[in-house]
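**Q** Mind having a look at this structure? Questions to follow.
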Amino acid sequence: MVKMPTMRSIVILISGRGSNMEAIVRAAQTENWPVSIAAVISNRSDSPGLDFARQQGIATAVVANRDYSSREQFDEALRTSIDGFSPDLVVLAGFLRILTTPFVDHYAGRLLNIHPSLLPSFPGMATHRQALAAGVKLHGATVHFVTPDLDHGPIVAQAAVPVLDTDSEDTLAARVLEQEHRIFPRAVRWFIEGKLSLNAGRVRIDASAEQV
Ligand code: GRF
């Protein structure tokens, strides 16, 4: 008898363009993942990524941070919205908000983020500018589990790109983004397939997981 894979459900959070979300949705479709993309949620109603999600027939929601007077209140509203979809995994795909500890703890071990640098180098914003200023020869992207310590959670996958003498922030960002679109869908797929987990703060990736 053929064992059917367990169907998982994910919610993806975005703040803007949503190209990482799009890469995940397209990979799920073309590779036929056992997944339901339950919703795409943005903290901005004008996120272009919401249009793509709607076109794909994915439920969308907006929880606008400007409607809340405190970080705590916003995170609580966001949590209520997310939990309405009962996801197994929450994916931060260009979600540009610092999250409170209670929020992060609520999703411990099932909250993934993509960060446009080779962590632990260059946490925070303007990572490509930071990389150019530091004069590094390699830059890149990191997928990690989210912990309360901003941009310092356990690392799941990384991809490096060269930094060229001729690079501007834009050319470097484009080179890194290409890698984000490659490693983030891979990592999400590992989780969906039960091949990626976080145990006592350590990342475990099954030996059968297709490498990035
Ligand atoms: C990506 O570079 C992501 O790593 C960073 O913000 C950018 C968002 O791009 N946090 P997109 O919305 O996924 O197109």
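Under our numbering, the first residue of the sequence shown carries the number 30, and numbering increases by one thereafter.
For glycine and all other residues, C-beta sits at the position ideal for the given N, C-alpha and C.
The model shown is predicted, which means the values in this text are computed figures rather than measured ones.
#1: Measuring alpha carbon to alpha carbon, tell me which of 202, 91, 168 ends up nearest residue 77.
#2: Does DSSP put residue 78 in a helix, in a strand, or in coil?
#3: Going by DSSP in three states, residue 232 sits in which element: helix, strand or coil?
#4: Do you know offhand how far residue 209's Cα is from residue 145's?
#5: Which one of 220, 97, 154 has the shortest CA to CA distance from residue 232?
#6: Could you name the residues, in chain order, whose CB is less than 7 angstroms away from a heavy atom belonging to the ligand HEM?
#7: Check residue 131 in the structure and name its three-state DSSP category.
#8: Between 143, 39, 94, 61, which has its C-alpha nearest residue 75's C-alpha?
#9: To which residues does DSSP link residue 137 through a beta bridge?
#10: Based on DSSP bridge pairs, tell me the residues matched to residue 187.
#11: Cβ of residue 160 less than 8 angstroms from any chain B Cβ?
#12: Give every residue of the same chain whose Cβ lies closer than 8 angstroms to the Cβ of residue 147, excluding the five residues on either side of it in the sequence, and list them in chain order.
#13: Apply the 10 Å Cβ neighbour rule to residue 129 and answer buried if 16 or more other Cβ atoms are within range, or exposed otherwise.
#14: I'd like to know if the segment 99-118 and the segment 149-166 are in contact, where contact means that at least 3 CB-CB pairs between them fall below 8 angstroms.
#15: Tell me whether the beta-carbon of residue 182 lies closer than 8 angstroms to the beta-carbon of residue 122.
#16: Label residue 41 either buried or exposed according to how many other C-beta atoms from any shown protein chain fall within 10 Å of its C-beta, with 16 as the threshold for buried.
#17: Quick one: using the 10 Å Cβ neighbour count with 16 as the cut-off for buried, is residue 104 buried or exposed?
#18: Suppose the cutoff is 7 angstroms on Cβ atoms and the five residues either side in sequence are ignored; what does the same chain contact list for residue 85 look like?
**A** By the coordinates alone:
#1: 91
#2: helix
#3: strand
#4: 8 angstroms
#5: 220
#6: This structure simply doesn't include the ligand HEM; it includes the ligand GRF instead.
#7: helix
#8: 94
#9: Residue 137 is not bridged to any residue.
#10: 171
#11: Absent from the structure is chain B; it holds one protein chain and no more.
#12: 167, 168, 169, 170, 171, 187, 189
#13: buried
#14: no
#15: no
#16: buried
#17: buried
#18: 54
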